[in-house]
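Just so you know, the sequence shown maps onto residues 5 to 157 in my numbering. Some notes on the structure that comes next.
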Amino acid sequence: MQEVFAKIYEWFGLIPFYSKDMGDHLRGFDVTCTDFIATPWYSYIGWIMLVTTAFTFALQYYIVDSSRYNKARHWWFFALGLVLLNFLIAFAIPYNDIQDNNFCNQLKLNVSDCVGFGFSNALWSLIFFIIISTIPIFRSRSTNCRHTTFWKP
């Protein structure tokens, strides 16, 4: 699963938002610079992103599920909260590793790599939120929000 998330976050090698060194760190390149045996951050952050996206979907469509909050602008409020949360998670974890020098000293990591990874995570969470909220079968059990998507109320 590690490489699946790596490919997704690296946009299948097409659009790099952060350096290859950051990708190696997120794959789990250890402090001794010998092997990929450290924490596999791609997997952890990827699963966190999927869970927070599913929870945000459930929160809007099944928990809140109010006729007062069933407009497209409310969908965008939930999406904004999701994007901010996922950005902060994906930014903070590698940023803390950089601040604590908890990475291989041969890797050239900086704060812009953390911002790029946070942006990538935030964008993927938005894409997955759009996908799951567009599919009618997922929304069908919602009472008041079953017709609410990102493009129409």
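Think of the CB as a built atom: it goes at the ideal place given N, C-alpha and C, for glycine as much as any other residue. Bear in mind that the values here come from a model prediction, so they are computed numbers and not experimental data.
Residue environment analysis places I49 among the buried positions, since at least 16 neighbouring C-beta atoms fall within 10 angstroms of its C-beta.
Here E7 is exposed, its C-beta having fewer than 16 other C-beta atoms within 10 Å.
Annotation: S70 is outside any alpha helix (DSSP H) and is labelled neither H nor E by DSSP.
Selection V115, A58, V119 and V68 evaluated against L130 yields A58 as nearest (Cα-Cα).
Ranked by Cα distance from R143, the first of T60, M5 and F16 is T60.
Around the beta carbon of G17, a 10 Å sphere encloses fewer than 16 other beta carbons of the protein chains shown; the residue is thus reported as exposed. Counting only runs of 4+ residues, the alpha helix (DSSP H) found wholly inside the stretch 29 to 94 occupies 45 to 62, in chain order. Residues of the same chain with a CB within less than 8 Å of the CB of L63, apart from the 5 flanking positions on each side, are F82 in chain order. When secondary structure is reduced to three states using DSSP, M26 falls in the helix class.
Counting C-beta pairs closer than 8 Å gives fewer than three between the stretch 26 to 42 and the stretch 71 to 78, which falls short of the contact rule. Straight-line measurement puts the Cα of A96 at about 12 Å from the Cα of D104.
Here the C-alpha atom of L54 lies approximately 14 Å from the C-alpha atom of G85.
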